[in-house]
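Asks:
Residue numbers (my numbering): 164 to 608.
1) Pick from 276, 326 and 577: whose alpha carbon is nearest that of residue 553?
2) State the start and end residues of the unbroken alpha helix (DSSP H) segment that holds residue 285.
3) Of the choices 245, 362 and 228, whose alpha-carbon is the least far from that of residue 468?
4) Count the other CB atoms within 10 Å of the CB of residue 137; is the residue buried (16 or more) or exposed (fewer)?
5) Here's the rule I'm using: 16 or more other beta-carbon atoms within 10 Å means buried, otherwise exposed. How should residue 549 be labelled?
6) From what residue to what residue does the alpha helix (DSSP H) around residue 541 run?
7) Starting from the C-beta of residue 330, find all residues in its chain whose C-beta is less than 8 Å away, skip the five residues before and the five after it, and write them out in chain order.
8) Measuring only the C-alpha atoms, how far is residue 321 from residue 586?
9) Assuming residue 440 and residue 289 form a contact by the criterion Cβ under 8 Å, report the distance between their Cβ atoms to the nearest whole angstrom.
10) Taking the alpha-carbon positions, what's the residue 424 to residue 515 distance?
11) In or out: residue 466 buried (at least 16 other Cβ within 10 Å) or exposed?
12) Does the segment 584-600 come into contact with the segment 532-542, if we say contact requires no fewer than three beta-carbon pairs (one atom in each stretch) closer than 8 Å?
13) Assign residue 601 to buried or exposed, taking buried as 16 or more other Cβ atoms, counted over all protein chains shown, within 10 Å of its Cβ.
14) So who's on the other strand from residue 428, going by DSSP bridges?
15) Which same chain residues end up closer than 6 Å to residue 296 when comparing Cβ atoms and leaving out the 5 residues on each side of it in sequence?
16) Can you tell me the Cα-Cα spacing of residue 223 and residue 539, whole angstroms?
17) Looking at the structure shown, is residue 454 part of a helix, part of a strand, or coil, going by DSSP?
18) Does DSSP put residue 353 in a helix, in a strand, or in coil?
19) Can you tell me whether residue 563 is buried or exposed? The criterion is at least 16 other CB atoms within 10 Å of its CB, across all chains shown.
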């Protein structure tokens, strides 16, 4: 059931959904796996940071796309000349005009890029691939966060089982101490047996203190993972039931599936494509650019030194022009940019290959851990049955005067150990199953 929930809920949980889950759970501080996942997806700092990086990539794409649209600017200037200048060039022979050493002007300028040698289209393609990479990284961050929450959840459940086992052992030892005291009182047991029972009870108390402290540390770590600031340490609410998983496929089949599903692999692929597009955008520096420009504005001469009758000190003018620029020499700047992007492409290709190797390693490790955990569960279950029977028999033998207190203590230690190993194996199996899904990339929808 928990995997179905993860597949349904792993897309970013909205604020309303998280607020519906959290207040009810906050009263008791007992969180189910479903509640913990909803809270973590909403409040975990790493998740919020990943969301901000995704928004940043969206903004960069819009900025790159804006480079292909026309721009309109207001431009103003105040000029002071060493020699008097005409306010505007003459439009016909013999046309009088105003002259002066100061001019003030303002104009509206519109520019539209017609051809940039592939720079704008290349930058848009780079931004789109970077956006794809950011989306994939965000998805992987959600999956990894879900895995961490699940792993910590089952570690807490296992720790709770260990504490319950210790509580039962303490209760059993207290009962045993009372029985020994009764036997000592009637002269059927040695006082040293009572001392041994008390020592064993003290050891169990000490072990309880250590395990409770470990659970407190685990709870605080879980609270940090969930993004709970000043909240009381939460407890995990659930059971360590073993869930059947589909048979493990061969590593080669898992690898093929992982390469199609893993979002971090997809992000690395997008980074390679982005680096390749960046090379094409950088090479645009070798090509000419063509743009259309139009302007309309006014120029004013505040203190003309010469102003013939019929002329004005304020005039407006407009123009439309085609601008062509061809790079002849840039000091090797464009060549250096191309070399930089080529080096970045090689690095991105190697990172992609590294992730593929890492995926294979993670798959092999996860499958091995899952198989080992399942075998440990079977062994631990048999050990518990045998340890329980051994403890019962040794207690009865001691009460009948046919056994020693040392045998009883050893049998009880074996039972606690078997129960602890069983709880740990169940938790490890659940974590290994989550790790297998994480390695394949199947934790998401």
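Note that the Cβ used here is the ideal one computed from N, Cα and C, for glycine as well.
Replies: Taking the structure as given:
1) 577
2) 282-348
3) 245
4) Because the chain is modelled from 164 through 608, residue 137 falls outside the range shown and cannot be assessed.
5) exposed
6) 496-562
7) 371
8) 5 Å
9) 5 Å
10) 14 Å
11) exposed
12) yes
13) buried
14) According to DSSP, which records beta bridges pairwise, residue 428 is partnered with nothing at all.
15) 430, 433 and 434
16) 51 Å
17) strand
18) coil
19) exposed
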